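K.L.:
Chains as they are written, first to last, in the working numbering: chain A, 345 to 882; chain B, 28 to 426.
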C-alpha cells in the first residue's frame with residue numbers, strides 16, 4: 345500500500361509538472377474515489393458510506409460500476425477507472441467522474457476492485473440514498489424502494505431531507521414507507537417504531553410483512569403490534585389473492601366465452617358440430633395481422649385504429665368462409681352429426697395447412713394499439729388493459745348477439761327454424777337461407793373473437809386448435825342451445841381453472857377441470873341449463 | 028362337426044381374411060430372412076417394420092370399427108386406449124433394459140434417474156414380467172373403457188356428446204402424460220428399448236417375428252369381431268346402432284350392449300398399441316393427441332365402416348399414402364388428409380368396401396339413411412337361432 349501511495353505521490357508530482365493536464369482542476373472527490381483502490385472490504389465500505397454522505401450525484405456512476413464489478417484501478421498510477429471489455433484481451437477505460445474516455449489498455453495493466461455481498465448491499469443502499477434527490481420522479485421512487493428493501497437506519501436522515509423537499513404525493517408515500525422500514529431497523533424509541541408499524545400496516549403487502557416479521561419476535565408492545573399487523577396484512581393479502589384469482593379467472597373465462605360464443609350459435613342453436621370453428625378464430629386473427637401489416641407499411645398513423653378496422657373485416661372474412669362451408673358441405677350433411685364432425689375436421693386441417701403455406705408456420709406478430717398496452721393497479725391486483733378490454737369486449741359481443749336473437753326478425757326466424765323446421769318452412773321462412781346465414785353469423789363471431797385473441801395469444805396456424813376442445817367443453821357444460829348457459833359456463837370454468845392452478849399446477853388443474861366436465865356431462869348430459877321439452881331423439 | 032359349427036359361426040369371409048393374414052405372417056418373414064438381398068422378391072428391413080406398423084394401425088382401426096361401425100359409438104378417443112396399451116408394453120421394454128441404460132441403474136429407467144427418483148413407483152412393479160405386461164396391455168384400456176363407458180352409457184350420453192367427451196378424455200390423458208411427475212417419462216415418453224423376451228429388438232429375426240405376431244393378432248381380431256357380430260348379441264349391437272330407442276323399447280339393455288362393445292374395442296386397441304411400440308421403438312404422449320384419434324376414424328371411414336376388411340384396407344391405404352406424401356410432398360399431406368375427410372363423408376359414406384359391395388351406380392341417391400350399411404331388417408330375437416356356438420355371456424335378456 346505504501347508503494348501505491350508513493351507512486352501516486354509521484355504521479356501527482358508529475359501532474360503538477362505538467363500544467364496542461366486536466367488534473368489541475370481536479371474533481372474534489374477524486375481523492376476519495378481513488379482511495380477505493382486500497383484496503384480491504386471494510387475500508388471500501390467506509391468510503392462508500394462517505395461518498396453517499398456527500399449527496400453528490402456525480403458519484404453515482406462510480407458506485408454503480410463498483411456494484412457491477414466494472415470498477416478497476418490502473419496499476420501504474422492508481423487511478424480508479426471504469427473498464428469495459430474490448431476485443432483482443434483489452435479493456436476500454438473511462439473516467440468514472442467525468443465519463444471521459446481514457447483509451448484501451450492490456451488486461452494486465454488494470455486490477456479489479458473486488459466487492460462482496462455485504463459491500464454490494466452497502467452500495468445499493470448508498471445509491472438509494474443518493475438518488476433520492478434525483479430530479480426524475482421515477483428514479484426517486486426506485487430509490488425509496490431500494491431503501492425500503494435495505495432497511496438501512498443510516499438512510500433516515502437522507503429520507504427526512506428528501507421528504508421535506510418532495511412534491512410528488514406518490515413518491516412521498518413511498519418515502520414515508522421507506523422511512524418506516526428504516527426506523528424499524530434502527531435503535532430509535534418504541535414510540536417511533538409503533539408509528540412506523542402503522543405506516544407499514546397501511547402499505548400492507550408482502551414486503552411490509554417481511555419487515556414487520558423482523559420486529560414481531562420477542563415480547564413487549566412493539567412486538568405485539570407488529571405481529572398483529574402481520575396477521576392483518578396476511579389476511580388482507582389472502583383476500584386480494586382470492587380477488588386476483590377471480591379476476592384472472594374472469595379474464596380466462598372471457599377468452600373462453602369469445603371462443604365459444606360462435607360455437608354456441610352453430611352447435612348450440614343449429615346443432616352442427618363445427619370442428620373448423622377454431623380455424624374461423626384463426627382466420628380472424630390473421631385478418632388482424634394483414635390489416636396491421638398494411639397499416640404499418642402505408643398508413644402508420646392509423647395504427648391505433650387497426651383493431652377497429654380489423655373487426656368488421658374479420659367478421660366478414662370468417663363469415664364468408666362459414667357461408668361457403670355451409671353451402672358447400674354442411675347442408676348435405678344435416679341430420680348426420682357424426683359425418684358433419686368428420687368433414688369439418690377435414691376442413692380445419694385444410695384451412696390450417698393453407699394458412700401455414702401462405703403465412704408460414706411461425707408465429708406472426710400482432711401489435712397492441714396504445715390503449716390496450718400497459719396496466720394499472722387496483723389495490724394489490726395488477727390489471728392489464730388488454731385483458732380488461734377483452735373482458736369488456738366479450739360482454740359486448742354477448743349482449744349484441746343476445747339482442748340479435750331476441751329483437752330482430754332474423755333472430756326470430758333463426759329461433760323458429762331451430763325449434764320447428766317444417767313449421768317455419770310452412771310459414772314462408774326460407775329455411776336453407778336462414779341456415780346459411782346462421783352458420784355465417786356463428787363463424788363471423790368466431791372471426792371477431794380471433795381479433796381479440798390476436799392481442800393476447802400467438803397468431804400461428806395452431807391458434808384455433810388450442811381453443812376448440814375448450815370451446816366445446818364450455819358449450820356442452822353450459823347447456824346446448826342456451827346463450828346464458830354459455831356465458832355462465834365460460835366464466836365459471838375460467839374461475840375454477842384459475843383457483844385450481846395454485847394447488848394443482850397449470851396442467852393438472854386443466855386435467856382436473858376436464859375430468860370434472862366429463863363427470864358432469866355424465867350426470868347432466870344436456871349441460872347446466874338444458875332446454876326443457878321433449879325433443880325427439882334424432 | 029365342431030369345425031363346421033365354428034365355420035358357420037364366423038362366416039366364410041372372416042376365415043378367408045384370417046387365412047390371408049396367417050399366410051402373410053409366414054410369407055413376409057420368409058421373403059425377408061430367406062430370400063437373399065438383391066433378389067427381386069427380397070423384402071427389406073424398413074419395409075417389414077413399416078408393414079408391421081400398418082398392421083398394428085389396422086388392428087386399431089378394426090377395434091374402432093367394432094365400436095363405431097357395428098355399434099354406432101363414434102369414439103374420438105381410441106388413441107387413448109391404443110397409447111395405454113403401448114405404454115404398458117413400453118414399460119415392460121424399459122424394465123428389460125436393466126443396467127444397460129446410460130446411467131446404468133439396474134432397476135430405475137434412465138429418465139427416473141435423471142428426474143431423481145429414489146425408488147420405482149408402485150405402478151411400475153411387475154412390468155419386468157412379460158406376462159404381467161401382457162395382461163396390463165388388455166386390462167388397463169379395458170378398465171378405463173369400462174369405467175368411462177359405464178358412466179357414459181348409463182347416463183345415455185350418446186352421439187356427438189359422447190364423441191366430444193371421448194375427445195376430452197384423450198386430451199386430458201395427453202396433458203397428464205406430458206407431466207414429468209406422472210412417472211411415465213413426460214414429454215420424451217419411453218424409448219431406447221434394447222430387447223423383448225430376451226431377443227434383440229433391432230434384429231431382423233425379431234422384426235420378422237413382431238410382424239408375424241401383428242399379422243396373426245390382426246387375423247384373430249377379425250375372427251373375434253366376426254364372432255361377436257354374427258352372434259345373437261351382434262344383432263343387438265346392430266339394432267342399437269340403427270335405432271337405439273327402439274332397441275331399448277323392445278326391452279334390450281342397450282347400455283350393456285354398448286358397454287360390452289366399447290370395452291372389447293378398447294382391449295383390442297390396447298393390443299394394437301402393444302404391437303406398435305416395439306416395432307416403432309418409442310411411445311410418447313403425442314399418441315394421446317385428439318388429432319391422432321380422429322385420424323383413426325378416417326381410416327375406418329375410408330375403408331368402409333361396418334365391414335370386416337374395410338377398416339384394415341383403410342388403415343393400410345391411408346397410412347401408405349401418408350408415408351408417400353410426408354416423404355415427398357410434406358406440405359401437401361394435410362390438404363390430402365383434410366380433403367379425404369370431406370370427400371369420404373360427402374361422396375363415399377360407406378367407404379371403399381361399402382361402395383364396392385353395393386355397387387357404385389346402384390347406390391340410392393335420394394337416401395337419407397344415416398346407417399352406413401342397409402339397416403338389417405331382422406328382428407334380433409328371431410335371427411340368431413342358427414350357429415351361435417358359445418354366445419357371449421352378456422346376451423341381453425328380453426324383459
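Using N, Cα and C, we set each Cβ at its ideal position, and we do this for glycine too. Fair warning: this is a prediction, and the values are worked out from it, not measured in the lab.
Taking a contact to mean a Cβ-Cβ separation below 8 Å, would you say residue 713 (chain A) touches residue 642 (chain A) in this structure?
P.N.:
No.
K.L.:
Enumerate, from N- to C-terminal direction, the unbroken alpha helix (DSSP H) stretches of 4 or more residues contained entirely within the segment 87 to 147 of chain B.
P.N.:
105 to 124, 137 to 141
K.L.:
Say whether chain A places a C-beta atom closer than 8 Å to the C-beta of residue 182 (chain B).
P.N.:
yes
K.L.:
Compare the Cα-Cα distances from residue 438 (chain A) to each of A:417, A:457, A:452 and report the closest residue.
P.N.:
That would be A:417, whose Cα lies nearest to the Cα of residue 438 (chain A).
K.L.:
Would DSSP call residue 226 (chain B) helix, strand or coil?
P.N.:
Here residue 226 (chain B) sits in strand by DSSP.
K.L.:
Does residue 687 (chain A) have its Cβ less than 8 Å from a Cβ in chain B?
P.N.:
So yes, residue 687 (chain A) belongs to the interface.
K.L.:
Below 8 Å on the Cβ atoms is my contact criterion, and I expect residue 184 (chain B) with residue 869 (chain A) to pass it. Report the Cβ-Cβ distance as a whole number of Å.
P.N.:
5 Å
K.L.:
Could you have a look at residue 438 (chain A) and say whether DSSP puts it in helix, strand or coil?
P.N.:
Assignment of residue 438 (chain A) by DSSP, reduced to helix, strand and coil, places it in the strand class.
K.L.:
With distances taken from CA atoms, which of A:379, A:493, A:609, A:601 is nearest residue 748 (chain A)?
P.N.:
A:609
K.L.:
Would you identify the three-state DSSP class for residue 430 (chain A), choosing helix, strand or coil?
P.N.:
The answer is strand: DSSP assigns residue 430 (chain A) an E or B state.
K.L.:
Just tell me which of B:116, B:295, B:231 has its CA closest to the CA of residue 151 (chain B).
P.N.:
Of all alpha-carbon atoms in B:116, B:295, B:231, the one lying nearest the alpha-carbon of residue 151 (chain B) is that of B:116.
K.L.:
Relative to the alpha-carbon of residue 50 (chain B), which residue among B:194, B:223, B:240, B:339 has its alpha-carbon at the smallest distance?
P.N.:
B:240
K.L.:
Quick check on the DSSP output: the alpha helix (DSSP H) that includes residue 336 (chain B) runs from which residue to which?
P.N.:
336 to 355
K.L.:
Is residue 589 (chain A) close to the ligand SAM? I mean its beta-carbon at under 7 Å from any heavy atom of the ligand.
P.N.:
Inclusion of the ligand SAM in the displayed structure is not the case, the ligand content being empty and no account of it being possible.
K.L.:
Decide if the segment 229 to 243 of chain B is in contact with the segment 145 to 164 of chain B; the criterion is three or more beta carbon pairs, one per stretch, under 8 Å apart.
P.N.:
no
K.L.:
Quick one: Cα of residue 507 (chain A) to Cα of residue 519 (chain A), how far?
P.N.:
In a straight line, the C-alpha of residue 507 (chain A) is about 7 Å away from that of residue 519 (chain A).
K.L.:
Is the Cβ of residue 728 (chain A) closer than 8 Å to any Cβ of chain B?
P.N.:
no
K.L.:
Does residue 690 (chain A) come within less than 8 Å of chain B when only Cβ atoms are used?
P.N.:
yes
K.L.:
Count the other C-beta atoms from every protein chain shown that fall within 10 angstroms of the C-beta of residue 722 (chain A), then say buried if there are 16 or more, exposed otherwise.
P.N.:
exposed
K.L.:
Report yes if the C-beta distance between residue 285 (chain B) and residue 98 (chain B) is below 8 Å; otherwise report no.
P.N.:
yes
K.L.:
Can you pull out the residues from the segment 366 to 377 of chain B whose beta carbon lies closer than 9 Å to at least one beta carbon of chain A?
P.N.:
Within the segment 366 to 377 of chain B, the qualifying residues are 366, 367, 368, 369, 370, 371, 372, 373, 376.
K.L.:
So, helix, strand or coil for residue 286 (chain B), using DSSP?
P.N.:
helix
K.L.:
So which residues of chain B does residue 683 (chain A) contact, with C-beta pairs closer than 8 Å?
P.N.:
Going along chain B in sequence order, the residues near residue 683 (chain A) (Cβ under 8 Å) are 372, 376.
K.L.:
Going by the DSSP bridge assignment, what does residue 637 (chain A) pair with across the sheet?
P.N.:
For residue 637 (chain A), DSSP records no beta bridge to any residue.
K.L.:
Use the C-beta contact count for residue 523 (chain A): other C-beta atoms within 10 angstroms, 16 or more gives buried, fewer gives exposed.
P.N.:
buried
K.L.:
Have a look at B:121, B:43, B:250 and flag the residue whose alpha-carbon is nearest the alpha-carbon of residue 216 (chain B).
P.N.:
B:121
K.L.:
Going along chain A, which residues have a C-beta under 7 Å from residue 195 (chain B)?
P.N.:
813, 817, 858, 861, 862
K.L.:
Can you give me the C-alpha to C-alpha distance between residue 815 (chain A) and residue 821 (chain A), rounded to a whole angstrom?
P.N.:
10 Å
K.L.:
Could you tell me which chain B residues have their CB closer than 8 Å to the CB of residue 436 (chain A), listed as they occur along the chain?
P.N.:
None at all; the shortest Cβ gap to chain B is about 44 Å.
K.L.:
Rounded to a whole number of angstroms, what is the C-alpha to C-alpha distance between residue 339 (chain B) and residue 317 (chain B)?
P.N.:
21 Å
K.L.:
Using the rule of at least 16 other Cβ atoms within 10 Å of the residue's Cβ for burial, across every protein chain shown, is residue 900 (chain A) buried or exposed?
P.N.:
As shown, chain A starts at 345 and ends at 882. That puts residue 900 (chain A) outside it, with no answer to give.
K.L.:
Return the Cβ separation of residue 422 (chain A) and residue 459 (chain A) in integer angstroms, given the expectation that the two are a contact with Cβ distance under 8 Å.
P.N.:
Wrong, their Cβ atoms sit about 18 Å apart, outside the cutoff.
K.L.:
What's the gap between the Cα of residue 582 (chain A) and the Cα of residue 717 (chain A)?
P.N.:
28 Å
K.L.:
According to DSSP, is residue 676 (chain A) part of a helix, a strand, or is it coil?
P.N.:
helix
K.L.:
Is residue 417 (chain A) helix, strand or coil by DSSP?
P.N.:
Per DSSP, reduced to three states, the secondary structure at residue 417 (chain A) is strand.
K.L.:
Answer with yes or no whether the minimum CB distance from residue 676 (chain A) to chain B is below 8 Å.
P.N.:
yes
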